[in-house]
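*Asks:* Structure below; questions to follow.
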Amino acid sequence: MTLEQAIEHWFAQGPAAIGNAEALAAFHWLRNDLESGTIRSASPDPAAPTGWRVNAWVKRGILLGFRIGQLDDMSGSALSFIDKATYPARRFSPEQGIRIVPGGSSVRSGAYLAKGVVVMPPAYVNAGAYVGEGTMVDSHALVGSCAQIGSRVHLSAAAQIGGVLEPVNASPVIIEDDALIGGNTGVYEGTIVRKRAVLAAGVVLTRGTPVYDLVNGTVLKASADTPLTIPENAVVVPGSRAITKGHGAEWGLSVYTPVIVKYRDEKTELSTALEDLLR
Ligand SMILES: CC(C)(COP(=O)(O)OP(=O)(O)OC[C@H]1O[C@@H](n2cnc3c(N)ncnc32)[C@H](O)[C@@H]1OP(=O)(O)O)[C@@H](O)C(=O)NCCC(=O)NCCS
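Quick note on our numbering: the sequence shown kicks off at 1030 and runs consecutively.
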């Protein structure tokens, strides 16, 4: 039986999988493969319309781990922590070349961090997340369940990358290589941010958020089967647009809207340069 078949089998068993040693073994197999990066909740696929194939069974496997896990006491010497035994915090060694800077961060089991990743405290990386080589996860950042973050990405302080577990989402958020995700941003509901795109501080993107591209004169939106996608090299800043009808117009209100003001240029390179010495 392949890993996928084993996960689908035990997920379909429902509560009958609880307490079953084979179900636990299948889950551990998945968890190990997620942590080594050999299995991902979404993988690059040039043949797919979005360039990514979502491996929906992986999310079912992660949910299986929640179903079959018993509560466990994971307390340290002073603080009390209780979670499912199937999801302890990951432990790392210097040989892995990953830095978890001391101070209140947690990387949950089933998350993958590549060599050269730096996690500044406090940050949280949830199960099923994938973080590529040399990426900086800055303070107060969240890498939600199953989120896929590329290489050399900068997730700035308080960047929130949403997950797929709750509220229930089918596709993970994907941030491609070399993107700069500014401070206090939020990227949710399966949004894809393409290579080298820049989200200025404060940009929030959800499935329902239209993005106004001033350069090309287009409005980018998610459709029934494609997520909101920020194009390669786009520089997105938080803007607003007037409400043109009803009480909103009468009261002179406007709503938040992200705007693509330009595509990366030399000035952007200067504004977003990363510091090699930190890595
Ligand atoms: C987007 C950013 C990278 C600037 O990129 P840039 O290519 O240098 O952009 P520019 O300064 O040339 O600005 C281009 C246009 O966008 C506007 N703009 C730039 N940043 C903006 C922002 N954050 N909000 C609103 N408008 C912004 C500028 O006013 C300019 O408009 P104009 O052409 O009408 O004058 C920068 O504003 C930013 O947000 N950096 C992230 C900072 C951060 O979060 N650091 C985290 C540290 S942990």
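Think of the CB as a built atom: it goes at the ideal place given N, C-alpha and C, for glycine as much as any other residue.
These numbers come from a predicted model, not from an experiment.
Could you pull the start and end residues of the beta strand (DSSP E) that Ser-1185 belongs to?
*Replies:* Ser-1185 -> no beta strand (DSSP E), and no H or E assigned at all.
*Asks:* Check the Cβ-Cβ distances between Val-1148 and every residue of chain D, and say whether any is below 8 Å.
*Replies:* Here chain D cannot be found, since the structure has a single protein chain.
*Asks:* Are there three or more Cβ pairs, one per stretch, closer than 8 Å when the segment 1276-1294 is compared with the segment 1238-1254?
*Replies:* The segment 1276-1294 is in contact with the segment 1238-1254.
*Asks:* Less than 7 Å separating the Cβ of Val-1227 from some heavy atom of ligand 1?
*Replies:* Yes, ligand 1 has a heavy atom inside 7 Å of this Cβ.
*Asks:* Taking Ala-1118 as the reference, give the member of Ile-1127, Pro-1131 and Ser-1135 with the closest Cα.
*Replies:* Nearest C-alpha to Ala-1118: Ser-1135.
*Asks:* Thinking Asp-1167 and Ala-1186 are a contact (beta carbons under 8 Å), I'd like their distance in whole angstroms, please.
*Replies:* Contact holds; Cβ gap of about 5 Å.
*Asks:* Between the alpha carbons of Asn-1198 and Glu-1218, how many angstroms are there, rounded?
*Replies:* Near 6 Å, if we compare the C-alpha coordinates of Glu-1218 and Asn-1198.
*Asks:* Which runs of the alpha helix (DSSP H) spanning at least 4 residues fall entirely within the segment 1057-1103, listed in chain order?
*Replies:* Counting whole runs of 4 or more residues, the segment 1057-1103 contains the alpha helix (DSSP H) stretches 1085-1097.
*Asks:* With a threshold of 7 Å, establish whether the CB of Ala-1278 neighbours any heavy atom of ligand 1.
*Replies:* Outside the cutoff, so no.
*Asks:* Could you pull out every residue in the same chain whose Cβ sits closer than 7 Å to the Cβ of Glu-1261, ignoring the five residues on either side in sequence?
*Replies:* Counting only Cβ-Cβ distances below 7 Å, and skipping sequence neighbours, we find Arg-1223, Lys-1224, Arg-1225 and Ala-1226.
*Asks:* Where does Gln-1042 fall in DSSP's three states?
*Replies:* Coil, per DSSP.
*Asks:* By alpha-carbon positions, which one of Gly-1191, Ala-1076, Leu-1032 and Pro-1196 ends up nearest to Leu-1234?
*Replies:* Measuring from the Cα of Leu-1234, the nearest candidate turns out to be Gly-1191.
*Asks:* List in chain order: all unbroken alpha helix (DSSP H) runs of 4+ residues lying wholly within the segment 1226-1299.
*Replies:* Counting whole runs of 4 or more residues, the segment 1226-1299 contains the alpha helix (DSSP H) stretches 1275-1279.
*Asks:* Pull up the distance between the alpha-carbon of Ala-1107 and that of Pro-1150, whole angstroms please.
*Replies:* Those two C-alpha atoms are separated by around 19 Å.
*Asks:* Ordered along the chain, which non-local residues of its own chain (more than five positions away) have a Cβ less than 6 Å from that of Met-1165?
*Replies:* Excluding residues within five positions, the ones whose Cβ falls inside 6 Å are Val-1147 and His-1183.
*Asks:* Label Glu-1205 either buried or exposed according to how many other C-beta atoms from any shown protein chain fall within 10 Å of its C-beta, with 16 as the threshold for buried.
*Replies:* Buried, by the Cβ-count rule.
*Asks:* Within a Cβ cutoff of 8 Å, which residues of the same chain sit near Arg-1270, ignoring the five residues on either side of it in sequence?
*Replies:* The answer, listed in chain order, is Tyr-1241, Ser-1283, Val-1284 and Thr-1286.
*Asks:* Consider the C-beta atom of Pro-1267 and the heavy atoms of ligand 1; say whether any pair is separated by less than 7 Å.
*Replies:* Pro-1267: yes, Cβ under 7 Å from ligand 1.
*Asks:* Tell me which residues share the same chain as Ala-1114 and place their Cβ nearer than 6 Å to its Cβ, disregarding the 5 neighbours each side in the sequence.
*Replies:* Same-chain partners within the cutoff: Gly-1098, Gln-1099 and Asp-1101.
*Asks:* If you reduce the DSSP assignment to three classes, tell me which class Ile-1047 lands in.
*Replies:* Ile-1047: coil per DSSP, three-state reduction.
*Asks:* Do Thr-1297 and Val-1264 count as a contact pair if the criterion is CB distance below 8 Å?
*Replies:* Their beta carbons are under 8 Å apart, which means Val-1264 touches Thr-1297 by this criterion.
*Asks:* Could you give the distance in angstroms between the alpha-carbon of Leu-1142 and the alpha-carbon of Ser-1065?
*Replies:* Spanning the two alpha carbons is a distance of roughly 8 Å.
*Asks:* Along the chain, where does the beta strand (DSSP E) containing Asp-1112 start, and where does it finish?
*Replies:* That run of the beta strand (DSSP E) goes 1111-1113.
*Asks:* With DSSP as the reference, label Ala-1118 as helix, strand or coil.
*Replies:* Ala-1118: strand per DSSP, three-state reduction.
*Asks:* Let me make sure I understand the geometry here. Which of Gly-1080, Ala-1229, Leu-1171 and Arg-1181 has the alpha-carbon closest to that of Glu-1304?
*Replies:* Ranking Gly-1080, Ala-1229, Leu-1171 and Arg-1181 by Cα distance to Glu-1304 puts Arg-1181 first.
*Asks:* For Arg-1308, which residues of its own chain have a beta-carbon under 8 Å away from its beta-carbon, when the five flanking residues on both sides are left out?
*Replies:* Answer for Arg-1308: Gly-1145, Val-1147, Gly-1163 and Met-1165, listed in chain order.
*Asks:* Cβ of Thr-1079 within 7 Å of any heavy atom in ligand 1?
*Replies:* For ligand 1, not one heavy atom lies less than 7 Å from the Cβ of Thr-1079.
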